[in-house]
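Colleague: Heads up: the sequence shown is residues 4 to 79, going by our numbering. Glycine residues also receive a C-beta, built at the ideal position from the N, C-alpha and C atoms. Sharing a structure with you now.
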Amino acid sequence: MQTPNSGHSYIAKLIAATDMAAIINPLLQGSSNIPILRSISPTSVPAGSSQTVTLTGNNFFSDSQVLFNGNNRPTT
């Protein structure tokens with residue numbers, strides 16, 4: 004595991020979307036409207052950066068929220 008440098012955030016471990024689907028899909032029998040997060044890009048950015056982070060998935064609600072370090076981030 005990588006130790007974060009001051010001013011940077013890291014995701015310690017990622018799981019492939021296909022691996023996650025193998026775990027989740029049996030639980031969702033008949034539930035096709037549940038939001039699913041498939042990817043986050045880039046996986047890390049410097050703290051305080053204005054860089055755009057893209058969250059990709061399906062079935063997000065219009066009032067879905069994204070939080071980084073407990074702070075609400077604007078979404079489009």
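Assuming N75 is part of the beta strand (DSSP E), what are its boundary residues?
Modeller: Segment 74 to 76, the beta strand (DSSP E) holding N75.
Colleague: Excluding five sequence neighbours on each side, which residues of the same chain lie with their C-beta closer than 8 Å to the C-beta of S44?
Modeller: Answer for S44: V56, T57, T59, listed in chain order.
Colleague: Less than 8 Å separating the beta-carbons of P75 and Q68?
Modeller: The residue asked about is misnamed: residue 75 is Asn in this sequence, not Pro. Against a cut-off of 8 Å, the Cβ pair of Q68 and N75 comes out as a contact.
Colleague: What is the DSSP secondary structure of V56, counted as helix, strand or coil?
Modeller: The answer is coil: DSSP assigns V56 none of H, G, I, E or B.
Colleague: Kindly list the residues whose CB is nearer than 8 Å to the CB of L70, restricted to its own chain and excluding five residues on each side of it in sequence; keep chain order.
Modeller: Within the same chain, L70 has close Cβ partners R76.
Colleague: If you reduce the DSSP assignment to three classes, tell me which class S47 lands in.
Modeller: S47: coil per DSSP, three-state reduction.
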